[in-house]
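Encoded as structure tokens, the structure appears first; notes follow it.
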Amino acid sequence: MGLVKKQFFPTSDRPEVLVEVQMPYGTSIAQTSVASAKLEAWLAKQKEAKIVTSYIGQGAPRFYLAMSPELPDPSFAKLVVRTDNQEEREVLKLRLRQAIADGLAPEARVRVTQLVFGPYSPYPVAFRVAGEDPEKLRTIATEVRQVMDASPMMRTVNADWDARVPVLHFTLKQDRLEAVGLTSNSVAQQLQFLLSGVPVTEVREDIRSVQVVGRAAGNMRLDPEKISGFTLIGSAGQRVPLSQIGFVDIRMEEPTLRRRDRTPTITVRGDIADDLQPPEVSAAILKQLEPIIAKLPASYRIEEAGATEESGKATNALLPLFPIMIALTLLIIILQVRSISSMVMVFATSPLGLIGVVPTLLLFQQPFGINALVGLISLSGILMRNTLILIGQIEHNLKEGLSPFDAVVEATVQRARPVILTALAAILAFIPLTHSVFWGTLAYTLIGGTFAGTILTLVFLPSMYAIWFKIRHPGNATERISTASGTTS
Numbered sequence: 024m025g026l027v028k029k030q031f032f033p034t035s036d037r038p039e040v041l042v043e044v045q046m047p048y049g050t051s052i053a054q055t056s057v058a059s060a061k062l063e064a065w066l067a068k069q070k071e072a073k074i075v076t077s078y079i080g081q082g083a084p085r086f087y088l089a090m091s092p093e094l095p096d097p098s099f100a101k102l103v104v105r106t107d108n109q110e111e112r113e114v115l116k117l118r119l120r121q122a123i124a125d126g127l128a129p130e131a132r133v134r135v136t137q138l139v140f141g142p143y144s145p146y147p148v149a150f151r152v153a154g155e156d157p158e159k160l161r162t163i164a165t166e167v168r169q170v171m172d173a174s175p176m177m178r179t180v181n182a183d184w185d186a187r188v189p190v191l192h193f194t195l196k197q198d199r200l201e202a203v204g205l206t207s208n209s210v211a212q213q214l215q216f217l218l219s220g221v222p223v224t225e226v227r228e229d230i231r232s233v234q235v236v237g238r239a240a241g242n243m244r245l246d247p248e249k250i251s252g253f254t255l256i257g258s259a260g261q262r263v264p265l266s267q268i269g270f271v272d273i274r275m276e277e278p279t280l281r282r283r284d285r286t287p288t289i290t291v292r293g294d295i296a297d298d299l300q301p302p303e304v305s306a307a308i309l310k311q312l313e314p315i316i317a318k319l320p321a322s323y324r325i326e327e328a329g330a331t332e333e334s335g336k337a338t339n340a341l342l343p344l345f346p347i348m349i350a351l352t353l354l355i356i357i358l359q360v361r362s363i364s365s366m367v368m369v370f371a372t373s374p375l376g377l378i379g380v381v382p383t384l385l386l387f388q389q390p391f392g393i394n395a396l397v398g399l400i401s402l403s404g405i406l407m408r409n410t411l412i413l414i415g416q417i418e419h420n421l422k423e424g425l426s427p428f429d430a431v432v433e434a435t436v437q438r439a440r441p442v443i444l445t446a447l448a449a450i451l452a453f454i455p456l457t458h459s460v461f462w463g464t465l466a467y468t469l470i471g472g473t474f475a476g477t478i479l480t481l482v483f484l485p486s487m488y489a490i491w492f493k494i495r496h497p498g499n500a501t502e503r504i505s506t507a508s509g510t511t512s
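Numbering (the working numbering), first residue to last: 24 to 512.
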């Protein structure tokens, strides 16, 4: 099993290509729209792109269950491109990635992806860096990002905390305010009027009402150097230059401060090559991060996120059910065979399917995911059913008066044909499912496991039954008795 690739849920076969455009935080929606227009113009020339829908300043609506819309953000845009089939989707996706690498929309971070089955995870591989001090967090996150960037398995590595942005601060001098008869509140209101604007009236146009907003001219309010030259009105009606009551300075601040469980957290994430699986990439990156984790301060930590975390959640949800499932299975078996020994033998044949599952998954290059796990559980039931049939026939033969050895051999011969035929019918029935993107791994699991498990059951169970109940060939027993009595056999 160590050679089999691990997977949580397979990639969806839906024909949409998703394009995410992320400008630096704080970018206006107009600039985001310009960057998206470049991608739209390129997509319009591609024959695979049948319909292109752009969402500027927000994510797409939740048209698919296994996705979550992005929050409103003027610096973000999402394009949904519909193709005709899965093959065209793959061609367009790879061509668009190459165009982006060649310089299409260089001002933005553009990510090309597709829909997947299973729980939503924005990126397949991600690591969360959590701690109290944002400065220290950025230092640790930078080290994590360098490790992920250096890995040939990763691409489009980024962090959900963008680069710091310049923020304009105006600090008031309270003694000057008192001298001119102003208050902090009146200054804030006048600055809001000049910079953001205040509705002063409404104009009705046909059936719509349009607000009229009063504010300073664009060449004044959009230039940070000219803000200190604003003029305010004092309590006595006098004009007060803004520079007389405070000073303006520019500071670099975090555009976003994301928290998880009330702790500042930076998530470093990225995509992987299409021929790789998230669990194996995440495990390889985590091993490379061990030196960084070892020297972390006491209140800081690095956690796995992405598809690996979602897989862990699903596993933890299933674990409490397994003891109940095993207990009910054993109860049903013992009610059927009325013997502890027979129950143990029946249950011992349940994992035999793995002997056929692993080579089948390796041969057809299929990963072991949640669907294969479901198939493996179902496979154990199929094999135990065959074992119950075989034990029932052995018990019947013993009641008919056959010797124990002949009862085991005859039961195996009598039940071999119906067991093999039913297994063959099941195998043939699963072949069409091998072409399914979602159910393919389950079909391969059941085909390989049923084939090998059925053959092994016809050999393993009679042997175990004979060993357990110490059944030997009658000829061997006669020879040993004759030899012990001193006669020639």
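Ideal Cβ positions, reconstructed from N, Cα and C, are used throughout, including at glycine.
| Hey, out of GLY49, THR136, ILE308, whose CA is closest to PRO189's CA? | GLY49
| field | Simplified DSSP state of GLY25, which is helix, strand or coil | value | coil
| query | Less than 9 Å separating the beta-carbons of ALA395 and ILE417? | reply | no
| For TYR323, which residues does DSSP report across the bridge? | Looking at the DSSP assignment, TYR323 forms no beta bridge with any residue, so it has no partner.
| query | ASN409 to GLY80, Cα distance in whole Å? | reply | 59 Å
| query | Can you give the Cα-Cα distance for ARG134 and GLN215, rounded to whole angstroms? | reply | 37 Å
| field | For TYR78, the three-state DSSP class (helix, strand or coil) | value | strand
| field | C-beta atoms of PRO264 and LEU255 nearer than 9 Å | value | yes
| query | From SER322 to PRO33, what distance separates their C-alpha atoms? | reply | 36 Å
| message | Contact between the stretch 193-212 and the stretch 276-289 is defined here as three or more beta-carbon pairs at a separation below 8 Å; is this criterion met? | response | no
| request: Using the Cα positions of SER403 and ALA124, report the straight-line distance between them to the nearest angstrom. | output: 48 Å
| query | For the beta strand (DSSP E) that contains SER232, what are its first and last residues? | reply | 231-237
| Relative to the alpha-carbon of THR106, which residue among PRO97, SER334, LYS116, PHE99 has its alpha-carbon at the smallest distance? | LYS116
| request: Quick one: give me the first and last residue of the beta strand (DSSP E) that MET177 is part of. | output: 177-182
| Going along the chain, which unbroken runs of the beta strand (DSSP E) with 3 or more residues stay wholly within the stretch 366-438? | none
| said: Using only the alpha-carbon positions, how far apart do ALA430 and ASN420 sit? | reply: 5 Å
| field | Reduced DSSP category for THR55 - H, G, I as helix; E, B as strand; rest coil | value | helix
| Residue of ILE393, ALA149, ILE250 minimising C-alpha distance to GLY293 | ALA149
| Buried versus exposed call for TYR488 [16 or more other C-beta atoms within 10 Å across all chains shown] | buried
| said: From the DSSP secondary-structure annotation, give me the bridge partner or partners of LYS336. | reply: None; LYS336 has no bridge partner.
| message | What residue range does the alpha helix (DSSP H) around ILE163 cover? | response | 157-173
| query | Around the C-beta of HIS496, are 16 or more other C-beta atoms found within 10 angstroms, so that it is buried, or is it exposed? | reply | exposed
| query | What residues are listed by DSSP as bridge partners for THR106? | reply | Beta-bridge pairing links THR106 to no other residue.
| field | Simplified DSSP state of LYS310, which is helix, strand or coil | value | helix
| task | May I ask you to verify whether the stretch 139-149 touches the stretch 224-234, counting CB pairs closer than 8 Å and requiring at least 3? | result | no
| query | CB-CB under 8 Å to ILE363, same chain, minus the five flanking residues each way: which ones, in chain order? | reply | ILE357
| query | Sorted by chain position, which residues of the same chain lie with C-beta nearer than 8 Å to MET24's C-beta, five sequence neighbours on each side aside? | reply | LEU377, VAL381, PHE391
| said: Using a 10 Å radius around the Cβ and a threshold of 16 neighbouring Cβ atoms, would you call GLY509 buried or exposed? | reply: Any reading at GLY509 must be qualified, since the residue scores a pLDDT of 40, below 50, and its modelled position is unreliable; the value itself is stated next. Under this definition GLY509 is an exposed residue.
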